[in-house]
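Structure first, then comments.
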Amino acid sequence: MTMYVKASGSYLIVNGWNADLVTKAGLDPEVAPVTWDELLANAKKVIDSGAAPFHGALAGYSELSITRFVPSYRQQHHSGVELTLDCERSWPPLDFDTDGAFLRLPVDWFHDVPRDESVKALEHILLSVAPAVVACDPSDLEGSRSGATIYIYDSFGGGVRLSESVYLRLDEVVQLAYRIVSTCPCEHGCPSCVMLPRRPDGNRDLSKRGALVLLERLNA
Ligand SMILES: [Zn+2]
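With the working numbering applied, the sequence shown corresponds to residues 63 to 282, in that order.
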């Protein structure tokens, strides 16, 4: 099922569904759900049938409204002391609309791993491997997350639909991410797995173990 959402989460516009999945779930792909309740009931049937990939996580492709701003910066002294300071004056926020793939993980997947650290580590590794799967430059895609939802979006205003390829090949992205994280010999995460070298300030509070557990659940 394909959902088009606003990143603010204030509403959803559902404009289509995956005919193969609904057929496998025993539904008629020619019959559209008329009400929101019918749509949710159909989605539940698809998940319960086991036809949907990712075992209860919801994958989709959506239009996103992105706001980029710089809330703080880090001051580093040669002695090694670091200070994080709020930006009193900064560039004005940059707003743009684009397209993105999203992956929403079920709440009950976080009973044994820390949510924010695990989702952040998972976002990093998905954003690292997605350009290799869809054959684009790493700077063509950006990542973001909100709660248990990860977004991988085109980093251009208007979008160039690269993230649509990410959505369509998300199973390959997840499998490659799993292979890398599960075989990386580091203990707590390194630039070869869940650290993002392009975000030198953003590689704290990562749970490599949590990302591995979530990847196992996505691949199960
Ligand atoms: Zn590593």
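From the three backbone atoms N, C-alpha and C, an ideal C-beta is built for every residue, glycine too.
From a predicted model like this one, the values you see are computed outputs, not experimental measurements.
Less than 9 angstroms between the C-beta atoms of residue i and residue j, yes or no?
i, j, result
"A273", "S206", "no"
"L276", "L167", "yes"
"F131", "G220", "no"
"I187", "C252", "no"
"L165", "A239", "no"
"A163", "L268", "no"
"A87", "K107", "yes"
"L224", "C198", "yes"
"S227", "V196", "yes"
"V222", "N281", "no"
"Q137", "L147", "yes"
"L156", "T129", "yes"
"R260", "S201", "yes"
Per DSSP, which one or two residues make a beta bridge with residue i?
i, result
"G205", "I214"
"M162", "In the sequence under discussion, the amino acid at residue 162 is Gly, which differs from the Met named in the question. Paired residues: S124, Y215."
"N137", "Note that residue 137 is Gln in the sequence shown here, rather than Asn. BP columns for Q137 point to L145."
"T129", "D157"
Count the other C-beta atoms from every protein chain shown that fall within 10 angstroms of the C-beta of residue i, then say buried if there are 16 or more, exposed otherwise.
i, result
"A105", "buried"
"H117", "exposed"
"D161", "buried"
"W171", "buried"
"D174", "exposed"
"E278", "exposed"
"E185", "buried"
"L258", "buried"
"V96", "exposed"
"A103", "exposed"
"R271", "buried"
"L145", "exposed"
"S244", "exposed"
"S141", "exposed"
"A124", "It is worth fixing the name first, because residue 124 is Ser in this sequence and not Ala. Its Cβ being crowded by 16 or more others within 10 Å, S124 is buried."
Compute every distance between the C-beta of residue i and the non-hydrogen atoms of ligand 1, then say whether any falls below 8 angstroms.
i, result
"K270", "yes"
"S244", "no"
"S190", "no"
"P259", "no"
"V275", "no"
"S254", "yes"
"P193", "no"
"D176", "Per the sequence shown, the amino acid found at residue 176 is Pro instead of Asp. Because no heavy atom of ligand 1 lies under 8 angstroms away, the Cβ of P176 does not count as near it: no."
"P168", "no"
"C198", "no"
"C248", "yes"
"G24", "Residue 24 is absent from the structure shown; the chain starts at 63 and stops at 282."
The segment 206-213 / the segment 84-92 touching (three or more Cβ pairs under 8 angstroms): no
Segment contact, 8 angstroms Cβ cut-off, at least three pairs: the segment 191-207 with the segment 217-234: yes
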